[in-house]
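Participant:
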Amino acid sequence: MVKKILLATPTMHTEEQQYIQKAFETNWIAPLGPNVDEFENTVAAYAGVSSCAALSSGTAALHLAVILAGVRENDIVFVPSLTFAASVNPVRYEKAVPVFIDSERDTWNMDAAALRKAFEKYPHPAAVIAVHLYGTSANMDEICAVCKEHHVPLIEDAAESLGTTYKGKMTGTFGAYGIYSFNGNKIITTSGGGILVAQQEKDVDKARFLSSQARDRARHYQHSAIGYNYRMSNVVAGIGCGQMRHIEEHIQKKREIYKTYQKAFSDIEEIEMNPLNREGVDNNWLSCMTISSDSNVTPTQVMDALEAEGIETRPIWKPMHLQPVFQGYDFIQTEDGMSVSEDIFNRGLCLPSDIKNTKEDMERIIETVRKQFRQQ
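One rule links them: number in the working numbering = place in the sequence shown (from 1) + 300.
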């Protein structure tokens with residue numbers, strides 16, 4: 301039976317089980333507890349922030365960031381189009397209006413020129429959400445400058461980019477608020493979970509308050525605000541504590557995977573690997589490739605060939621302005637004709653990036669891809 305190669309799966313070690321076992325032995329099963337405290341402290345130290353709030357998911361963290369930024373019903377929020385829907389859904393939770401911003405080709409992230417154009421059309425948005433796609437940092441100098449110029453809070457969706465730096469600073473720590481995800485396929489995992497970081501300690505405190513059903517400090521159950529059941533459990537946090545001991549090891553292996561693909565396809569002119577930010581160091585969460593538009597080979601052909609060999613792939617995120625659920629919302633681009641985000645979507649695919657892949661696994665993937673270009 302041929303071994304199935306998956307896109308990206310959790311990589312467990314021994315420490316995770318030790319933390320979980322301790323939670324059981326001490327009966328810290330309910331939300332909060334020593335593992336949550338340690339996980340928050342460890343992530344905060346790693347990211348270079350004073351504190352953070354561990355939550356049930358990256359989406360929950362982003363939702364609280366949107367609330368903390370003061371986004372209200374009918375407010376405008378600028379969001380990149382080339383991203384996962386979870387980057388946008390919290391905007392709609394608050395009944396605000398997303399305006400989608402096109403990508404730049406240099407990083408595939410939010411185009412600062414398109415962002416400036418959006419401000420000309422919508423001078424008073426409530427917030428800007430920047431995403432660090434596939435573990436590559438957006439060009440934060442430009443985006444931060446635009447937000448500062450217009451006095452608009454910046455939220456960073458760093459769900460895919462824990463460990464990525466831009467000019468020596470960790471992604472997720474440039475804006476007023478930042479979030480990380482610990483879903484099963486991320487650099488490290490808690491099976492499901494997320495973290496919110498903020499520039500101001502009072503915002504982290506408020507996030508913890510809101511995420512625990514917004515219970516007032518009273519002997520009886522009293523609530524003066526709408527709250528959410530968003531706090532991370534002590535058991536789940538134990539997985540994160542064990543995983544954080546291996547984050548640099550995971551990132552290094554992800555980088556090796558990217559470099560292996562880059563070298564293997566360097567002689568095929570039609571293939572280009574996803575760009576990395578020259579001003580930073582990427583975590584290379586997923587390695588992606590695009591195929592030139594004049595090639596006889598299509599991404600679908602490559603994905604079908606890999607699937608036939610038991611190798612999992614994924615299309616590039618379908619841009620939000622093309623999604624049925626977001627039909628009718630505005631989209632801002634700077635290039636005429638097809639948008640950059642749509643072009644990347646049409647020509648790209650994500651390659652298997654599991655850090656447990658063996659040398660033989662990588663050779664099998666690479667040979668299957670190369671075969672498609674030999675056959676044209």
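Every residue gets a Cβ at the ideal spot worked out from N, C-alpha and C, and that includes glycine. None of the values given here were measured: they were computed from a predicted structure.
Thinking just about the alpha-carbon of each residue, which of Y528, L368, F378 and K486 is nearest to the one in G463?
Facilitator: The residue with the shortest Cα to Cα distance from G463 is K486.
Participant: Tell me whether E556 sits in a helix, a strand or coil according to DSSP, three-state version.
Facilitator: Three-state result, E556: helix.
Participant: Using the rule of at least 16 other Cβ atoms within 10 Å of the residue's Cβ for burial, across every protein chain shown, is S403 buried or exposed?
Facilitator: The residue is buried, with at least 16 neighbouring Cβ atoms inside 10 Å.
Participant: List the DSSP bridge partners of Q454.
Facilitator: The sequence shown places Leu at residue 454, not Gln. Bridge partners of L454: V428.
Participant: Just list the residues that DSSP pairs P398 with in beta bridges.
Facilitator: BP columns for P398 point to V377.
Participant: Within 10 Å of its beta-carbon, does T658 have 16 or more other beta-carbons around it, so buried, or fewer, so exposed?
Facilitator: It counts as exposed.
Participant: Taking its Cβ as the centre, do 16 or more other Cβ atoms sit within 10 Å of V625, making it buried, or is it exposed?
Facilitator: V625 is exposed by the Cβ-count criterion.
Participant: Identify whether G493 lies in helix, strand or coil by the three-state DSSP scheme.
Facilitator: Coil, per DSSP.
Participant: Can you have a look at Q627 and say buried or exposed, based on whether 16 or more other CB atoms are within 10 angstroms of its CB?
Facilitator: Counting Cβ neighbours within 10 Å, Q627 comes out exposed, since fewer than 16 surround it.
Participant: To the nearest angstrom, report how far apart D468 and G580 are at their CA atoms.
Facilitator: Before going on, a small fix: residue 468 reads as Gly here, not Asp. Distance between the alpha carbons of G468 and G580: 7 angstroms.
Participant: As an exercise, report each continuous beta strand (DSSP E) stretch of at least 3 residues that is fully enclosed by the region 329 to 384, in chain order.
Facilitator: Runs found: 352 to 355 and 376 to 380.
Participant: Three-state secondary structure (DSSP) at N529?
Facilitator: Three-state DSSP puts N529 in a strand.
Participant: Of all the options E373, A413, A386 and M603, which has the alpha carbon lying nearest to the alpha carbon of K395?
Facilitator: That would be E373, whose Cα lies nearest to the Cα of K395.
Participant: Helix, strand or coil: which one does DSSP assign to P390?
Facilitator: P390: helix per DSSP, three-state reduction.
Participant: Quick check on this structure: which residue in E501, N335 and I571 has the alpha carbon closest to the alpha carbon of V536?
Facilitator: Considering only alpha carbons, the answer is N335.
Participant: Do the region 628 to 640 and the region 406 to 426 meet, that is, are 3 or more Cβ pairs less than 8 angstroms apart?
Facilitator: Touching, per the Cβ criterion.
Participant: Confirm, please, whether the CB-CB distance from A476 to Q499 is below 7 angstroms.
Facilitator: Cβ atoms of Q499 and A476: closer than 7 angstroms.
Participant: Which term fits A365, buried or exposed, when burial requires 16 or more other beta carbons within 10 angstroms of its beta carbon?
Facilitator: It is buried - the Cβ of A365 has at least 16 other Cβ atoms within 10 Å.
Participant: Using the three-state DSSP reduction, which class does P599 fall into: helix, strand or coil?
Facilitator: Here P599 sits in helix by DSSP.
Participant: State the DSSP-derived secondary structure class of P624, mapped to helix, strand or coil.
Facilitator: Reduced to three states, the DSSP call for P624 is helix.
Participant: Determine the closest residue to K417 out of V446, K553 and G348, with distance taken between C-alpha atoms.
Facilitator: Checked all of V446, K553 and G348; the closest Cα to K417 is V446.
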